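Chemist: The following block contains the structure, expressed as structure tokens.
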Amino acid sequence: MKYWRAVLVNGMLWLAALLAIAPLLWMVSVSLMHSGEASNYPPPLLPVSPSLDCYRELFRSGGFGRAFLVSLGLATMSTLVSTLLNALAGYGFAKLQFKGRDRLFALLLGALVIPGQVGMLPLFLMLKQIGLVNTWAGVLLPSLAGIFGIFLVRQYAAGLPGELIEAARIDGAGEWRIFRVIVLPLLTPVLVTLAVLSFLGSWNDFMWPLIVLTDGHL
Numbered sequence: 356m357k358y359w360r361a362v363l364v365n366g367m368l369w370l371a372a373l374l375a376i377a378p379l380l381w382m383v384s385v386s387l388m389h390s391g392e393a394s395n396y397p398p399p400l401l402p403v404s405p406s407l408d409c410y411r412e413l414f415r416s417g418g419f420g421r422a423f424l425v426s427l428g429l430a431t432m433s434t435l436v437s438t439l440l441n442a443l444a445g446y447g448f449a450k451l452q453f454k455g456r457d458r459l460f461a462l463l464l465g466a467l468v469i470p471g472q473v474g475m476l477p478l479f480l481m482l483k484q485i486g487l488v489n490t491w492a493g494v495l496l497p498s499l500a501g502i503f504g505i506f507l508v509r510q511y512a513a514g515l516p517g518e519l520i521e522a523a524r525i526d527g528a529g530e531w532r533i534f535r536v537i538v539l540p541l542l543t544p545v546l547v548t549l550a551v552l553s554f555l556g557s558w559n560d561f562m563w564p565l566i567v568l569t570d571g572h573l
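In this text, residue positions in the sequence shown follow this note's numbering: the first is 356, and each later residue adds one.
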């Protein structure tokens with residue numbers, strides 16, 4: 356009985372997965388068809404004679420290759436820098452004692468409820484005053500220290516054993532060495548998660564680069 360139940364459940368899961376990826380598979384199939392072939396009725400599931408002409412045209416005259424490399428570079432740079440900065444800030448809020456720490460963190464949490472679109476205009480005006488409009492730096496700066504990333508790292512770092520950090524301080528280790536040798540390896544799971552979220556967020560971001568990069572050559 357358990358065997359057939361497992362077979363039924365797995366079969367339903369495979370069917371659901373197939374239905375979910377079927378549109379993506381058909382998109383790939385259409386990309387290998389000749390021009391106008393996909394508009395036939397009924398639409399074909401597979402190309403009659405697969406061709407890479409669409410991809411050649413995309414890279415040759417569509418400017419896709421350069422756009423892809425630019426997006427990849429910006430997303431990679433944003434991910435690396437933001438992950439490091441968020442790790443430092445999150446650890447500081449979790450384990451370091453400084454005046455106004457809790458109030459400042461509460462203000463950051465309060466800012467999470469404000470839609471990002473609300474701050475785009477003042478942020479654009481600020482970047483315009485310092486000459487960062489139509490620059491890659493203007494695209495990168497707003498994403499380098501996201502509040503959600505700080506919150507995520509802070510919550511994870513708060514669960515790290517404080518005795519381990521205190522023991523390192525007693526042994527004479529400085530704060531930077533403690534962070535680099537002890538804390539950073541322990542933060543690996545949350546940092547990997549944050550890096551994936553940061554990369555996807557930067558890769559999918561369209562509104563902010565559209566506002567900042569008004570020069571068509573960029």
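We put the beta carbon where it would ideally sit given N, CA and C, even for glycine.
For clarity, every value in this text was computed on a predicted model and none was experimentally measured.
Quick check on ASN489: does DSSP put it in helix, strand or coil?
Modeler: Within the sequence shown, numbered from 1, the residue matching residue 489 stands at position 134. If DSSP states are grouped into helix, strand and coil, ASN489 belongs with coil.
Chemist: CA-CA distance, ARG524 and ALA422?
Modeler: Counting from one through the sequence shown, the residue named residue 524 turns up at place 169. Counting from one through the sequence shown, the residue named residue 422 turns up at place 67. ARG524 and ALA422: Cα-Cα distance of roughly 48 Å.
Chemist: At what residues does the alpha helix (DSSP H) containing GLU521 begin and finish?
Modeler: Here the question's residue 521 lines up with position 166 in the sequence shown. Counting along the chain, the alpha helix (DSSP H) containing GLU521 begins and ends at 517-525.
Chemist: Between PHE419, PRO378, ARG411, SER437, which lies nearest to LEU555 when the distance is taken from Cα to Cα?
Modeler: Here the question's residue 555 lines up with position 200 in the sequence shown. It is SER437 whose Cα lies nearest to the Cα of LEU555.
Chemist: Going by DSSP in three states, TYR396 sits in which element: helix, strand or coil?
Modeler: Position 41 of the sequence shown, counted from the first residue, corresponds to residue 396. TYR396: coil per DSSP, three-state reduction.
Chemist: Where do the ends of the alpha helix (DSSP H) carrying ARG411 lie?
Modeler: On the sequence shown, residue 411 is found 56 positions in, with the first residue counted as 1. Start and end: 408-416.
Chemist: ILE537 and LEU552 look like a contact to me (Cβ under 8 Å); what is the Cβ gap, rounded to whole Å?
Modeler: The count along the sequence shown starts at 1 and reaches residue 537 at position 182. The count along the sequence shown starts at 1 and reaches residue 552 at position 197. The Cβ separation is near 24 Å, so there is no contact.
Chemist: If you draw a straight line from the C-alpha of GLY447 to the C-alpha of LEU462, how long is it?
Modeler: The sequence position of residue 447 within the sequence shown is 92, counting from 1. The sequence position of residue 462 within the sequence shown is 107, counting from 1. Those two C-alpha atoms are separated by around 15 Å.
Chemist: Shortest alpha-carbon distance to PRO516 belongs to which of LEU400, SER406, TRP359, LYS450?
Modeler: The count along the sequence shown starts at 1 and reaches residue 516 at position 161. Taking only the C-alpha atoms, the option nearest PRO516 is LYS450.
Chemist: If you count every other CB in all the chains shown that lies within 10 Å of the CB of LEU546, and 16 or more means buried, which is it?
Modeler: As a working mapping, residue 546 is identified with position 191 in the sequence shown. With 16 or more Cβ atoms within 10 Å of its Cβ, LEU546 is classed as buried.
Chemist: Mind checking ARG509: buried by the 16 CB within 10 Å criterion, or exposed?
Modeler: What you label residue 509 is simply residue 154 of the sequence shown in a count that begins at 1. Buried is the call here.
Chemist: Per DSSP, what kind of secondary structure is VAL403 in: helix, strand or coil?
Modeler: As a first step, residue 403 is located in the sequence shown; it is residue number 48 there, counting from the start. Looking at VAL403 - three-state DSSP - the assignment turns out to be coil, as it is neither helix nor strand.
Chemist: Here's a check: name, in chain order, each residue in its chain whose Cβ is nearer than 6 Å to the Cβ of ALA513, leaving out the five neighbours to either side.
Modeler: Along the sequence shown, one-based indexing puts residue 513 at 158. Correct list, in chain order: ALA449.
Chemist: Taking just the CA atoms, how far does GLY418 sit from LEU367?
Modeler: Translated into the one-based positions of the sequence shown, residue 367 becomes position 12. Translated into the one-based positions of the sequence shown, residue 418 becomes position 63. In the sequence under discussion, the amino acid at residue 367 is Met, which differs from the Leu named in the question. Cα to Cα, MET367 sits roughly 42 Å from GLY418.
Chemist: Is ALA550 closer than 7 Å to ILE502 when the C-beta atoms are compared?
Modeler: For the purposes of this step, residue 502 is identified with residue 147 of the sequence shown, where counting begins at 1. For the purposes of this step, residue 550 is identified with residue 195 of the sequence shown, where counting begins at 1. Contact: no.
Chemist: Taking the alpha helix (DSSP H) that MET562 falls in, what are its first and last residues?
Modeler: By one-based count along the sequence shown, residue 562 stands at place 207. MET562 -> alpha helix (DSSP H) spans 562-567.
Chemist: DSSP three-state label for ILE533, please.
Modeler: Counting from one through the sequence shown, the residue named residue 533 turns up at place 178. In the structure shown, ILE533 sits in a helix (DSSP, three-state: H, G or I).
Chemist: Is it true that the CB of LEU482 sits closer than 7 Å to the CB of VAL344?
Modeler: For residue 344 there is no data in the structure shown, the boundaries of the chain being 356 and 573.
Chemist: Out of curiosity, what's the CA-to-CA distance linking ASP457 and LEU542?
Modeler: Here residue 457 refers to the residue found at position 102 of the sequence shown. Here residue 542 refers to the residue found at position 187 of the sequence shown. Rounded to the nearest angstrom, the two C-alpha atoms are 21 Å apart.
Chemist: Among TYR396, GLY420, HIS389, ALA430, whose alpha-carbon lies nearest the alpha-carbon of LEU407?
Modeler: For the purposes of this step, residue 407 is identified with residue 52 of the sequence shown, where counting begins at 1. Here the closest residue by C-alpha is HIS389.
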